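Have a look at the structure below before the remarks.
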Amino acid sequence: MSRDELMNKIVELDNRILSLLDPLEISRLIMEREELLASIPEIKLGLEDAYSIAENNNKIMNHLKNIEADLKRRLRDVKYYSDIYGNYYLSSYKLRDNLLSKKV
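Just so we're aligned: 104 in our numbering is position 99 of the sequence shown, and the numbers increase by one with no gaps anywhere.
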C-alpha cells in the first residue's frame, strides 16, 4: 500500500470513528486502524503526516472520553430513576398494606 493510500484510509477511518457513538463499532474500527498504523514502519511518512496522525489520535481520545462521560451520566440517570421508582413502589405497597390492614 502506498503512503497516500495508507494516509487516506487512516483519515477515512478517523472520520468514521469520530462520527460514531456506538462503542462496539468504534472499537472494531480502532482495531482496523491499529492494523494500518502497524504498517507505517514500512512506509516513510513525512513530519506533517505524523503530526496529522497524532492530532487525530488526540481527537479520538477526546471523543472516547466524551462518550464515556455521557454513558456515566446516563447510568447515573438510570440509577436515579430506578431509585425513584423503587421508592414509589415501596411507598405504594406500604400504603396498600395500610389500607388493607385498616379494612380488616
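By construction, the Cβ of each residue, glycine as well, lies at the ideal position given by its N, Cα and C atoms. It should be emphasised that the depicted structure is a prediction, and the values quoted were computed from it without experimental measurement.
The continuous alpha helix (DSSP H) containing Ile22 extends over residues 8–24. Of the residues assessed, Ile22 falls on the buried side of the cut-off, its CB having 16 or more other CB atoms within 10 angstroms. Under the DSSP assignment, Pro28 falls in the alpha helix (DSSP H) whose first and last residues are 28–43.
Assignment of Lys107 by DSSP, reduced to helix, strand and coil, places it in the helix class. DSSP places Ile89 in the helix class (H, G or I) of the three-state scheme.
Between Arg8 and Ile58, the beta carbon gap of about 12 Å keeps them out of contact (Cβ cut-off 8 Å).
A buried status is given to Asp19, since no fewer than 16 other beta-carbon atoms sit within 10 Å of its beta-carbon. Taking 8 Å as the cut-off, the Cβ atoms of Met12 and Asp54 count as close. Residue burial is scored here from C-beta neighbours: Ile31 has at least 16 other C-beta atoms within 10 angstroms and is therefore classed as buried.
Shortest Cα-Cα distance from Leu29 to any of Arg79, Leu69, Lys107, Leu95 involves Leu69.
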